[in-house]
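Colleague: Residue numbers (our numbering): 1 to 301.
What follows is a structure written as structure tokens; I'll ask about it next.
Right under this line is the structure:
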């Protein structure tokens, strides 16, 4: 199943037919990849039917096809399928028709259409900095390989996504491999309002170009510093952390493991990174009761 459709599976309190019908105006902006001579069904109707199937609980192309063959005629009309003028019946597309269209349509444009639909459906959060809203709106950027997407002839599909801490996917893009994650960062966030946000990402995205872009868009950035930036890493690591006051300590005991996290921060303007004003040190102290093993990890931000 296309990754864009999987975003719809997480909609709370979904109304499959009503929500899929509302998708029409967004899907109309997606170019139809089919030859004009072979279009029996409108593309918006086919894509809306696939979306309705996912909203109704389908989690595979086969399940979408089964849902489509069982849906009543009045529902097909609501999705955009046209009645036969001679018989008055609504022809049902073969599941293969939907599958072929989904395999040919531009995945990024389809994902953008679903993203615009979800943004229009979402109740806007309280403005950042108000009594009801957070001081900054957190957004995490991360990439994952889709489970089950690896086949004998194709590598696993990797997605790069921007996600709010409420669990909502704000934007996502498919990347070919790990080497393409860095250039995918800026296009991923291009259509998202970043004003008053704080962006977190792994050390791969601690890039000067990314930091400058986020500051220009009005966002803050918590950049993880590792040895891939040796000068910056060495400068942050050599700060007098022993003399710096502890800001926060957290202690967790679960899963036969004790974990203690200690956070220190230092205002430090002499960092070679766009807009950098603070350095952070997180020390993770972890003890496994089953093995007795003790590990200590230091992370710099």
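Beta carbons are placed, not taken as given, at the ideal position from N, Cα and C, and that holds for glycine.
What is the rounded straight-line gap between the Cα of residue 272 and the Cα of residue 232?
Modeller: Taking the chain shown and counting its residues from 1, one reaches residue 272 at position 272. Taking the chain shown and counting its residues from 1, one reaches residue 232 at position 232. So the alpha carbons of these two residues sit roughly 7 Å apart.
Colleague: Taking 9 Å as the threshold (C-beta atoms), are residue 264 and residue 250 in contact?
Modeller: Residue numbering aside, residue 250 sits at position 250 when the chain shown is read from its first letter. Residue numbering aside, residue 264 sits at position 264 when the chain shown is read from its first letter. No, the pair does not count as a contact, with Cβ atoms beyond the cut-off.
Colleague: Work out the CA separation of residue 106 and residue 174 for me, nearest whole Å.
Modeller: Counted from its first residue, the chain shown places residue 174 at position 174. Counted from its first residue, the chain shown places residue 106 at position 106. Distance between the alpha carbons of residue 174 and residue 106: 11 Å.
Colleague: Kindly indicate which three-state DSSP category residue 42 falls into: helix, strand or coil?
Modeller: Taking the first residue of the chain shown as position 1, residue 42 is located at position 42. Coil, per DSSP.
Colleague: What runs of the alpha helix (DSSP H), each 4 residues or longer, lie entirely inside the stretch 181-252?
Modeller: Correct list: 185-189, 208-216, 230-237.
Colleague: Is residue 250 a contact residue of the ligand HEM, with contact defined as CB to any heavy atom under 8 Å?
Modeller: The ligand HEM is absent from the structure shown, which contains no ligands of any kind.
Colleague: CA-CA distance, residue 28 and residue 44?
Modeller: Here residue 28 is taken as the residue at index 28 of the chain shown, counted from 1. Here residue 44 is taken as the residue at index 44 of the chain shown, counted from 1. Roughly 6 Å between the two C-alpha positions.
Colleague: Please classify residue 82 as buried or exposed, where buried requires at least 16 other C-beta atoms within 10 Å of its C-beta.
Modeller: Counting from 1 along the chain shown, the entry for residue 82 is found at position 82. Exposed, since its Cβ has fewer than 16 Cβ neighbours within 10 Å.
Colleague: Which one or two residues does DSSP pair with residue 273 in a beta bridge?
Modeller: What you label residue 273 is simply residue 273 of the chain shown in a count that begins at 1. Paired residues: none, contrary to the question.
Colleague: Determine the DSSP secondary structure at residue 93, reduced to helix, strand or coil.
Modeller: Numbered from its first residue, the chain shown carries residue 93 at position 93. Three-state DSSP puts residue 93 in coil, outside helix and strand.
Colleague: Per DSSP, what kind of secondary structure is residue 143 in: helix, strand or coil?
Modeller: Your numbering for residue 143 matches position 143 in the chain shown. Strand.
Colleague: How many angstroms separate the CA atom of residue 72 from the CA atom of residue 186?
Modeller: Here residue 72 corresponds to residue number 72 of the chain shown, with the count starting at 1. Here residue 186 corresponds to residue number 186 of the chain shown, with the count starting at 1. Between residue 72 and residue 186, the C-alpha separation is close to 44 Å.
Colleague: When the Cα atoms are used, what is the spatial distance from residue 50 to residue 62?
Modeller: Residue mapping note: residue 50 aligns to position 50 of the chain shown, counting from 1. Residue mapping note: residue 62 aligns to position 62 of the chain shown, counting from 1. Straight-line Cα distance between these residues: approximately 11 Å.
Colleague: For residue 202 versus residue 108, is the C-beta spacing smaller than 9 Å?
Modeller: As a first step, residue 202 is located in the chain shown; it is residue number 202 there, counting from the start. As a first step, residue 108 is located in the chain shown; it is residue number 108 there, counting from the start. Not a contact, by the Cβ cut-off of 9 Å.
Colleague: So, helix, strand or coil for residue 83, using DSSP?
Modeller: The residue labelled residue 83 in the question sits at position 83 within the chain shown. Coil at residue 83, not helix or strand.
Colleague: Looking at the unbroken beta strand (DSSP E) that takes in residue 170, where does it start and where does it end?
Modeller: Here residue 170 refers to the residue found at position 170 when the chain shown is read from its first residue. From DSSP, the beta strand (DSSP E) with residue 170 extends over 169-175.
Colleague: Would you please state the rounded distance, in angstroms, between the beta carbons of residue 257 and residue 289? I believe it to be under 8 Å.
Modeller: Looking up residue 257 in the chain shown gives position 257. Looking up residue 289 in the chain shown gives position 289. Yes, residue 257 and residue 289 are in contact; Cβ-Cβ is about 7 Å, under 8 Å.
Colleague: In terms of alpha-carbon separation, which member of 199, 171, 184 lies closest to residue 112?
Modeller: In the chain shown, counting from the first residue as 1, residue 112 sits at position 112. Minimum Cα distance to residue 112 is reached at 171.
Colleague: Hey, out of 235, 255, 162, whose CA is closest to residue 268's CA?
Modeller: The sequence position of residue 268 within the chain shown is 268, counting from 1. Among 235, 255, 162, the Cα nearest to that of residue 268 is on 235.
Colleague: With 16 as the cutoff for other CB atoms within 10 Å, does residue 307 come out buried or exposed?
Modeller: The chain is shown from 1 up to 301; residue 307 falls before or after that span and cannot be answered.
Colleague: Look at the alpha carbon of residue 184 and the alpha carbon of residue 279, and state the distance between them as a whole number of angstroms.
Modeller: By 1-based counting over the chain shown, the position of residue 184 is 184. By 1-based counting over the chain shown, the position of residue 279 is 279. In a straight line, the C-alpha of residue 184 is about 26 Å away from that of residue 279.
Colleague: What are the boundary residues of the alpha helix (DSSP H) that residue 293 is part of?
Modeller: Stepping through the chain shown from its first residue, residue 293 is reached at position 293. Here residue 293 belongs to no alpha helix (DSSP H), and DSSP marks it neither H nor E.
Colleague: Return helix, strand or coil for residue 69, following the three-state DSSP convention.
Modeller: Reading the chain shown from its first residue, position 69 is the one you call residue 69. DSSP places residue 69 in helix when its eight states are reduced to three.
Colleague: Count the other C-beta atoms from every protein chain shown that fall within 10 angstroms of the C-beta of residue 304, then say buried if there are 16 or more, exposed otherwise.
Modeller: The question about residue 304 has no answer, for the chain in this structure spans 1 to 301.
Colleague: Taking 9 Å as the cut-off, decide whether the C-beta atoms of residue 200 and residue 276 are in contact.
Modeller: To locate residue 200, count along the chain shown from 1; it is residue 200. To locate residue 276, count along the chain shown from 1; it is residue 276. No, the Cβ-Cβ distance between residue 200 and residue 276 is not below 9 Å.
Colleague: Terminal residues of the continuous beta strand (DSSP E) containing residue 261?
Modeller: As a first step, residue 261 is located in the chain shown; it is residue number 261 there, counting from the start. Looking at the DSSP string, the run of the beta strand (DSSP E) that includes residue 261 is 257-267.
Colleague: Using only the alpha-carbon positions, how far apart do residue 188 and residue 89 sit?
Modeller: Within the chain shown, the letter at position 188 stands for residue 188. Within the chain shown, the letter at position 89 stands for residue 89. Near 43 Å, if we compare the C-alpha coordinates of residue 89 and residue 188.
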